[in-house]
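K.L.:
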Amino acid sequence: MRDWKKMLQYALWPILSLAFYFALNAERSVVGRDGQKPFNFMTFRAIGDRESPAMTRTGQAQDFADRLDVSESLLIDSIITIVQNYYVDEPRVENRQLIESTLRSLHENDVAALSASSDRSLRLTKGSDSIAFRFSMRYTYDDLMRDALRTSQFLERHRSREKGRKSPSGAFQFLSAMLASLDPHSNLLTPDEYRDLRQGTEGSFGGLGVVVGIQDDVLTVIKPLPKSPAARAGVSKFDRIMQIDGKSTFGTTLDDLVQYMRGEPGTKVNLFVLREGDFAPRRLSLTREIIQVDSVESKLLPTDQGKILYSYIDSFSSRTAVELRDAMIKAQRDADPLAGVILDMRGNPGGLLDQAVKVADLFIDEGRILSTQGRTREYEMARHNLYRFDYPLVILTNGDTASASEIVAGALRDHGRALVIGEPSFGKGSVQTVFELPGEQALKLTIARYFTPKGISIQNTGIMPDIWLQPVHKTKENWNLLGDYRYKSERYLDHSLDPGRARVANQHEELKAFYLLPEVNPTNSKVPPKDIPLDFAQKLLSELANRDGVPMPKGRMRSSYWKASASQFLRENLERLDSSTQQWLESRSNVDWSETARERTAFDPRRLKFAIDLDERFEIREGQPALIPWRVKNVGREAITRLSVFVTSNRNNLGTSEVLIGKVEPGQELRGVIRYEIKTTAKDGPVRIRVGLARSGGPLPSLERPMIVEIKEGEVPRFDIAMKLSQETGGQAIGVLEAGEQARLEVTIRNDSQVTASMVEARVANLAGKQIRVDERKLKVGQVEPGETRVIRVPIHASLDLTSDQLQVGVSVVSREQMDASKSHFFISGSPAPRVSKSNVNTGRSPWTEN
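Per this note's numbering, residue 185 is the first one in the sequence shown, and the count goes up by one each step.
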């Protein structure tokens, strides 16, 4: 008997070890635009009533597998098995359905052409090479694997071999197309992408502890994180990082620069930092550390009856619920009582599912927080926690509020615990799981839909705010007045789940206003403009506190009461915002944005006729905009108000074009042409766009027209930029800028392309501080023909107290045809002034020569 037990122990040990390994490597629960959910995953073996495909592969499938790298063959086998056993919609991943959708995806993305034959077979073609697919009545898994491997081999044959252009393998291209055909959030993650995802959800990474962005083509500090190497070294907000380990930041992408700063803890990095008013960049040597990033920023806002806790949640990482709980506990200990809480989730893309549940649970006594439906149905319920926070609650949202943040907003609103103020949210109602793969890669797969406590799906619809505040930009022309990146919700993404579900704005909503975005103060651009939605929420909570006292009686702790109690306040303030916006639009853009209650309630989209005077598939050349003629006619008996025409695409980086029309009278027909900038190349494939009508800032799905833009390859201007010193006065060495010297920066711009560059502009940027003075205004160069050279000369003055022997300046040149400016940086040799003794420092002299 003992021997039998020992044999069983030895037999089970490898299985238990493998299970323990994968349990350690399983990702945490995440939902976001790039979200995940927890899972129990032991190995890539299939779970179900069939054997693992890796064990049953025979015949042709094995032959094709032999022609591919063994690891890639196993990767395809494993991922298809995972997809078919875990994907949220089982019918969509059946054998034949999966291969056909993959082939269509390759065709849609211009990887290869797909055609159908009379015998119902499909053919994939690239140049003179093609492969055919014939489907039997019983298309088995072995058939699927055979065709998957054939397609991968076909893609491998046509893999780009351009020098310096890293092209993914045929297997990776096949798997990417297969996952892209399912939904926008299922995809393969490269090691770098997987690392970034882990860092985002864990809230820690090796780095310097500074939040940065690009401003005027230079890496600029948004804020240093507390107790970080950057903070201890004295790095401050708005400091400009000019160099990282000798690498100039001018004109370099933000992603690249962030990677330069991140690295293994304990390693050193040298920065050259320039602060406004500094004489010269200063060198800082920092040591990288593990950086813990807080996902919640909180502060107290004063009111007449106490204070309001404002908490901005930028994402849901591993400590979000604890950070918010601690902020509220700290606020409770303050002498003034809490009159309410504002949760700002604008721009929050999602994150860990368990953290979203725990955040909602802080404000809900009992009941369901959400449910998920995939191959099984699961529920998340509120728990009786030690801490419960019963305060009036406002949630701020916008179009970038997605997934986990939508879960919190939906749960708290369904329970009557919060009012939602702002713009409609993104509308991502799905959950993803991450499966770790060999080679530090990962598979992110959609495994479930989620629903609010009332069983409502927000997929493609989003959370509609209780009080809709729509910003209007004060631009000089009627162009994207409502924002540059609107209509980028879930339903505009390729292959989104439940495509029939579309967000239809509540056209009869009375609690809505358009407001003018405050302009940046030109005398102090670093002071942020007034935040109207936050100010509105603060005033609303103050109004409730004045009416009901602090703390609010428990019988009044519901959002329906707050809305009714403050109805007059809401109506008056919304009318004030809306009225001033209407007046501005009419006076500055000649747009009639007025609307009566009857016009609002009588609106019927069936009374509008919308047409595009262009083929559904058309071509443009690289670097040129798409010009789309449109017509709209009101065939009803009532005026239709607050209309706009917009163009959006399946690519988030391309932005939106929108023109406000305003009011269209009965029987009136309007015509126009809308311009859409497409900043992409022919190599990136065709661009799918939608041209549509919106009313009152909300799209009308029934009046959208899908179109495909083919990008014709064409050369765009390329500039070669050179620089030298000329016309030097006051110095001795030629080509060296000496202390007190005046000269010209002679910038030579040559058009090295075969196309004319029009409307060329150039700018010289001073990257050396107050050591030099340079005119940084944009200079109009005009039209530059192929091969033509233009020279611009910019005055440069050196300080009498010059300290650096290398003075950095940057040059950017852009034409109308270019997607991005051509940028170069240069180092001018400098001759520092002789050091002076302390007794001679305060001589009263100016650091500059007199003109």
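We put the beta carbon where it would ideally sit given N, CA and C, even for glycine.
Who are the near neighbours of residue 680 in its chain, counting only those whose CB is closer than 7 Å to its CB and skipping five residues on each side?
P.N.:
367, 368, 644, 674
K.L.:
For residue 637 and residue 722, I'd like the C-alpha separation in whole angstroms.
P.N.:
Put simply, the backbone Cα of residue 637 is about 27 Å away from that of residue 722.
K.L.:
Determine, using beta carbons only, whether residue 986 and residue 1017 come nearer to each other than 9 Å.
P.N.:
yes
K.L.:
For the beta strand (DSSP E) that contains residue 909, what are its first and last residues?
P.N.:
903-913 is the span of the beta strand (DSSP E), which, as asked, contains residue 909.
K.L.:
Roughly how many whole angstroms lie between the Cα atoms of residue 845 and residue 902?
P.N.:
38 Å
K.L.:
Counting pairs of beta carbons, one from the segment 920-937 and one from the segment 835-849, are three or more of them closer than 8 Å?
P.N.:
no
K.L.:
Of the choices 714, 955, 959, 946, whose alpha-carbon is the least far from that of residue 975?
P.N.:
946
K.L.:
Is it the case that the Cβ atoms of residue 476 and residue 500 are separated by a distance below 9 Å?
P.N.:
no
K.L.:
Does the count of Cβ pairs from the segment 410-423 and the segment 465-474 closer than 8 Å reach three?
P.N.:
yes
K.L.:
For residue 578, count neighbouring C-beta atoms within 10 Å of its own C-beta (all shown protein chains included) and say buried if the count is 16 or more, exposed if not.
P.N.:
buried
K.L.:
Buried or exposed for residue 494, going by 16 or more other Cβ atoms inside 10 Å?
P.N.:
If you draw a 10 Å sphere on the C-beta of residue 494, you find 16 or more other C-beta atoms in it, and that means buried.
K.L.:
Count the C-beta pairs between the segment 742-749 and the segment 588-603 that are closer than 8 Å, then say yes if the count reaches three, no if not.
P.N.:
yes
K.L.:
Sorted by chain position, which residues of the same chain lie with C-beta nearer than 8 Å to residue 995's C-beta, five sequence neighbours on each side aside?
P.N.:
905, 907, 931, 946, 947, 948, 949, 1007, 1008, 1009, 1010
K.L.:
Which whole-angstrom value is the C-beta distance of residue 361 and residue 293, which I expect to be below 8 Å?
P.N.:
Going by Cβ atoms, the distance from residue 361 to residue 293 rounds to 7 Å, so yes, they are a contact pair.
K.L.:
Curious, which full-length beta strand (DSSP E) runs of at least 3 residues does the segment 481-564 contain?
P.N.:
Counting only unbroken stretches of 3 or more residues, the beta strand (DSSP E) elements lying wholly within the segment 481-564 are 490-497, 522-528, 552-557, in sequence order.
K.L.:
Quick check on residue 213: buried or exposed, where buried means 16 or more other Cβ atoms within 10 Å of its Cβ?
P.N.:
Caution is warranted here: a pLDDT of 47 is assigned to residue 213, below 50, making its placement in the model unreliable, and no coordinate value can be reported.
K.L.:
How about residue 653 and residue 696: are their beta carbons less than 9 Å apart?
P.N.:
yes
K.L.:
Under a three-way DSSP split, which group does residue 768 fall into?
P.N.:
helix
K.L.:
May I ask you to list the residues that DSSP assigns as paired with residue 313?
P.N.:
310
K.L.:
Jot down the residue ranges of each uninterrupted alpha helix (DSSP H) in the segment 717-770, minimum 4 residues, whole runs only, in chain order.
P.N.:
Within the segment 717-770, the runs of alpha helix (DSSP H) at least 4 residues long that lie entirely inside it are, in chain order, 743-749.
K.L.:
If we ignore side chains and look at the alpha-carbon of each, how far apart do residue 965 and residue 959 end up?
P.N.:
15 Å
K.L.:
Have a look at residue 884 and residue 823 and give me their C-alpha separation to the nearest angstrom.
P.N.:
17 Å
K.L.:
For residue 630, list the residues DSSP reports as bridge partners.
P.N.:
616
K.L.:
Which of helix, strand or coil does DSSP assign to residue 891?
P.N.:
strand
K.L.:
Could you check how far apart the C-beta atoms of residue 542 and residue 505 are, in whole angstroms? I think they sit under 8 Å.
P.N.:
Yes, they are in contact, since the Cβ atoms of residue 542 and residue 505 sit about 4 Å apart, within 8 Å.
K.L.:
Counting pairs of beta carbons, one from the segment 844-863 and one from the segment 804-816, are three or more of them closer than 8 Å?
P.N.:
Output reads yes: the segment 804-816 touches the segment 844-863.
K.L.:
Confirm, please, whether the CB-CB distance from residue 412 to residue 1036 is below 9 Å.
P.N.:
Residue 1036 is absent from the structure shown; the chain starts at 185 and stops at 1035.
K.L.:
For residue 917, which residues in the same chain have their Cβ closer than 7 Å to its Cβ, ignoring the five residues on either side in sequence?
P.N.:
Answer for residue 917: 1015, listed in chain order.
K.L.:
Residue 890: which of 911, 662, 810, 873 sits nearest, CA to CA?
P.N.:
873
K.L.:
Scan the segment 264-323 and note each continuous alpha helix (DSSP H) run of 4 residues or more that stays entirely inside, going in chain order.
P.N.:
279-292
K.L.:
Just how far apart, CA to CA, sit residue 1041 and residue 727?
P.N.:
Look at the range of the chain in this structure, 185 to 1035, and you will see that residue 1041 is not part of it.
K.L.:
Give the DSSP bridge partners of residue 398, in chain order.
P.N.:
403
K.L.:
With H, G and I counted as helix, E and B as strand and the rest as coil, what does DSSP make of residue 592?
P.N.:
helix
K.L.:
Whose C-alpha, out of 1001, 392, 371, 453, is nearest the C-alpha of residue 631?
P.N.:
Of 1001, 392, 371, 453, the residue nearest in Cα terms is 371.
K.L.:
Where does residue 954 sit, in a helix, a strand or coil, going by DSSP?
P.N.:
helix
K.L.:
For the 8 Å Cβ check, are there 3 or more pairs between the segment 978-985 and the segment 447-459?
P.N.:
no
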